[in-house]
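As structure tokens, the structure follows; a few thoughts come after it.
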Amino acid sequence: MWIGGFLIVGAAAHAAIFMVRDYDPTTRYNDLLDRVLRHHDAIISHLNWACIFLGFHSFGLYIHNDTMSALGRPQDMFSDTAIQLQPIFAQWVQNTHALAPSVTAPGTTTSTSLTWGGGELIAVGGKVALLPIPLGTADFLVHHIHAFTIHGGTCQVSAWDHVFLGLFWMYNAISVVIFHFSWKMQSDVWGTISDQGVVTHITGGNFAQSSITINGWLGISYGHRHLR
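This is the structure we're talking about:
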């Protein structure tokens, strides 16, 4: 992720250098780049709208949950046990891939990954290495944070601001991905398995209920720092 992020931001930085130092509009009339530049107001305003939309909606959902939690109204929170916002498209994709050997890809013997579903798990030395990953309201919420962070820094009119904020949001985006992945895996996948086949996850499956508030994310961040 870090290498890919630096390559993308580096490419944008070199594009900005080219636009400032080497671009000559008199020799590039009506080509693709010229047409893009002539529509830059519409493009930038669209990206700006996308950032505002994603920012308000993603954080708005979390702020709603924090507020309802503070008021002692868990029944009014967005969660798997109250107001559900299930990622139905992602769940459909998961199910399609899980059923691929018998439906969409009958020539195959197994699906491409156990994470799609099917109920099987891989255990090594009494520890769970991989099993189907459930998706719910908590995943729907953090998905919008991911969508927000990857759009950050894309609606700037200054080449310098574009590169600076692109790098800033690259750090944000990757940091959220790392926290999401590590917490989700420790909550719903990694753990130990007893002789009776009972799986005990590292964080006890707390992702679905604890990651739906900003306080929950701050708490796991604090815990990770003090576990090191």
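Take 395 as the starting number for the sequence shown in this note's numbering and just add one per residue.
Idealized CB from N, CA, C, for every residue including glycine.
Contact under 9 angstroms by Cβ, residue i with residue j
{"i": "T503", "j": "L524", "result": "no"}
{"i": "M395", "j": "I568", "result": "yes"}
{"i": "M564", "j": "F450", "result": "no"}
{"i": "Q488", "j": "T531", "result": "no"}
{"i": "G599", "j": "V522", "result": "no"}
{"i": "G546", "j": "V403", "result": "no"}
{"i": "P468", "j": "D533", "result": "no"}
{"i": "L438", "j": "V430", "result": "Strictly speaking, residue 438 in this sequence is Ile, with Leu absent from that position. No."}
{"i": "M462", "j": "D470", "result": "yes"}
{"i": "V484", "j": "H538", "result": "Reading off the sequence, residue 484 comes out as Ala, not Val. Not a contact, by the Cβ cut-off of 9 angstroms."}
Which listed residue (the options) has its alpha carbon closest to that of residue i
{"i": "S581", "options": "M564, T597, G520", "result": "T597"}
{"i": "A602", "options": "M579, H545, T586, Q550", "result": "M579"}
{"i": "G513", "options": "L493, G454, G613", "result": "L493"}
{"i": "A407", "options": "I587, S505, T548", "result": "T548"}
{"i": "V518", "options": "F472, V593, F453", "result": "V593"}
{"i": "I544", "options": "A444, I516, S507, Q590", "result": "A444"}
{"i": "I516", "options": "G454, I587, V551, P500", "result": "I587"}
{"i": "W577", "options": "Q590, G613, F562, V551", "result": "G613"}
{"i": "G591", "options": "F412, P500, G520, W554", "result": "G520"}
{"i": "A476", "options": "N459, V414, L426", "result": "N459"}
Anticipated Cβ contact below 8 angstroms, residue i with residue j, distance rounded
{"i": "L448", "j": "F542", "result": "4 angstroms"}
{"i": "S583", "j": "H540", "result": "Before going further, note that residue 583 is Val rather than Ser in the sequence given. So it is not a contact: roughly 19 angstroms between Cβ atoms."}
{"i": "H556", "j": "A410", "result": "6 angstroms"}
Buried or exposed (CB count within 10 angstroms, at least 16 for buried), residue i
{"i": "G398", "result": "exposed"}
{"i": "R622", "result": "Reliability of the predicted coordinates at R622 is poor, the pLDDT of 49 falling under 50, and the value obtained from them is presented with this limitation in mind. Exposed, by the Cβ-count rule."}
{"i": "I606", "result": "buried"}
{"i": "F575", "result": "exposed"}
{"i": "Y456", "result": "buried"}
{"i": "G610", "result": "buried"}
{"i": "S505", "result": "buried"}
{"i": "G466", "result": "exposed"}
{"i": "L529", "result": "buried"}
Reduced DSSP secondary structure (H/G/I, E/B, other) of residue i
{"i": "A523", "result": "strand"}
{"i": "V583", "result": "coil"}
{"i": "I568", "result": "helix"}
{"i": "V414", "result": "helix"}
{"i": "V518", "result": "strand"}
{"i": "V497", "result": "coil"}
{"i": "H490", "result": "The sequence given here places Thr at residue 490; His does not occur at that position. DSSP places T490 in helix when its eight states are reduced to three."}
{"i": "T543", "result": "helix"}
{"i": "I402", "result": "helix"}
{"i": "I606", "result": "coil"}
{"i": "V430", "result": "helix"}
{"i": "I596", "result": "coil"}
CB contact check: residue i to chain C, cutoff 9 angstroms
{"i": "S552", "result": "Of the chains in the structure shown, none is chain C; there is only one protein chain."}
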